[in-house]
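Below is one structure; the comments refer to it alone.
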Amino acid sequence: MNFTVSSRGDDVSNRISQKIRSYLEEFKLSPNEEEPDIVISVGGDGTLLQAFHQYTNRLAETSFVGVHTGHLGFYADWQPEEVEKLVIHIAKTPFKVVEYPLLEVIIRHHNESKSERFLALNECSVKSIEGSVVMDIEIKGNLFETFRGDGLCISTPSGSTAYNKALGGAIVHPSLACIQVAEMASINNRVYRTIGSPLVLPQHHTCLLKPKNNADFQVTIDHQTLVQKDMKSIQCRVAEEKIRFARFRPFPFWKRVKESFITD
Ligand code: NAP
Ligand code: MN
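Each residue of the sequence shown is one higher than the one before, starting from 1 at the first, in full-length UniProt numbering.
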């Protein structure tokens, strides 16, 4: 089995990464950065997001596991003290895989026939560079509302505990193949009206955001920020692809939510 270890880059994470590498090599696993069967990310959730984006071209062949070197992570749910146990699991047992849904984002521009496609593990957010975001929101091809406000956040179930949560969105169990649209400070009065509540859309219900003016936008895909000029639309839906996590022991999602946000 091929493996790779990706580190956040700080001293602690680098040391743990090195330890994992040498243990796995002792067990005769092969380091292979190009075609890993398992990617071990050492750092935080941000480190796992970066590792995910590095391997979006081979999601069907790759499983991810995260070791956290900060506080408890959502994706990075192994502790540094458990590294020996984790390595033995990886080397000796055929592991179970759990799949989480992803968000597909397609961005189109005026005067350009080519579109850009992205996958997000957490979310896509849209803000304007100057002034309010003004966009028509279409759901399944029908105009739903015209949004005016700071921006919008379209998240995956596993991303629902990140930016989405700070916007008052619901926490969604990753066994549900859906996406959530959450507003950022919408303008609501007699003239302008939006739904106000976060919306949860099932598979195949595409959400299309169409800017009403020719403003510049700041679009994020997980940790990456893109500046978009001349943007015609942002199309969001549940992706066909999924991310696979290597599971060696049960760690239920609601337990992770409780330990991260309420008490451990
Ligand atoms: P960051 O600024 O370090 O991320 C902000 C925090 O979100 C970190 O504590 C990060 O954990 C945590 N996080 C990431 N994914 C999560 C998830 N699925 N569930 C719960 N917490 C999660 O930047 P980053 O590490 O590159 O992460 C990028 C993410 O930051 C974006 O995808 C977005 O969700 C989030 N973000 C949140 C806000 C907000 O809450 N107001 C604003 C902008 C962006 P680690 O420390 O373990 O990395
Ligand atoms: Mn981070």
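Ideal placement from N, C-alpha and C gives every residue a C-beta, glycine not left out. Just so it is clear, the structure is predicted and the values come from calculations on it, not from any experiment.
Collapsing the DSSP output to three states places valine 83 in a helix.
A Cβ-Cβ contact shorter than 9 angstroms links valine 238 with leucine 102. By a beta-carbon distance limit of 8 angstroms, leucine 209 contacts methionine 135. Their separation comes to about 5 angstroms. Taking a cut-off of 8 angstroms for Cβ pairs, the stretch 11-23 and the stretch 180-200 do not touch, as fewer than three such pairs fall below it.
With 5 angstroms as the limit between CB and the heavy atoms of the ligand MN, the residues that fall short of it are Gly44, Gly46. By the CB criterion at 9 angstroms, glutamate 130 and isoleucine 137 fall outside the cutoff. Of the heavy atoms belonging to the ligand NAP, none sits nearer than 8 angstroms to the Cβ of aspartate 77.
Using a cutoff of 8 angstroms, the CB of histidine 53 does not count as near the ligand NAP, since none of the ligand's heavy atoms is closer than that. Here glycine 159 is not near threonine 206, since their CB atoms are 9 angstroms or more apart.
Assignment of lysine 165 by DSSP, reduced to helix, strand and coil, places it in the helix class. For the pair leucine 143 and valine 126, the CB atoms are not nearer than the 9 angstroms cut-off. Within the model, the alpha-carbon separation for leucine 49 versus asparagine 214 is close to 31 angstroms.
Measuring C-alpha to C-alpha distances from asparagine 164 to each of Asp222, Glu116, Val133, His110 identifies Asp222 as the nearest.
Pairing asparagine 32 with phenylalanine 3, the inter-Cα distance amounts to about 6 angstroms.
Excluding five sequence positions before and after threonine 47, the CB atoms of its chain that fall closer than 8 angstroms to its own CB belong to Ser6, Ser7, Arg8, Ser13, Ser41, Gly66, Ala76, given in chain order. Taking 8 angstroms as the cut-off, one finds no heavy atom of the ligand NAP near enough to the beta carbon of threonine 56.
Only buried fits glycine 169, as 16 or more other CB atoms lie within 10 angstroms of its CB. Pairing proline 80 with valine 87, the inter-Cα distance amounts to about 11 angstroms. DSSP places asparagine 14 inside the alpha helix (DSSP H), whose first and last residues are 11-26. Taking a C-beta distance under 9 angstroms as the contact criterion, isoleucine 16 and isoleucine 107 do not qualify as a contact pair. Counting along the chain, the unbroken beta strand (DSSP E) around phenylalanine 147 starts and ends at 142-155. Contact between lysine 96 and arginine 244 does not hold, since their C-beta atoms are separated by about 10 angstroms, which reaches or exceeds 8 angstroms. In this model, asparagine 111 and glycine 43 are separated by some 42 angstroms (Cα to Cα). If you draw a 10 Å sphere on the C-beta of histidine 173, you find fewer than 16 other C-beta atoms in it, and that means exposed. For the set Ser113, Arg117, Val133, the Cα lying nearest the Cα of aspartate 216 is the one of Val133. Non-local beta-carbon contacts of valine 39 in its own chain, meaning distances under 7 angstroms to residues more than five positions away in sequence, involve Thr4, Ser6, Ala51, Tyr55, Thr62, Phe64 in chain order. Sequence-distant Cβ neighbours of glutamate 259 in its own chain, meaning closer than 8 angstroms and more than five residues away, are Leu72.
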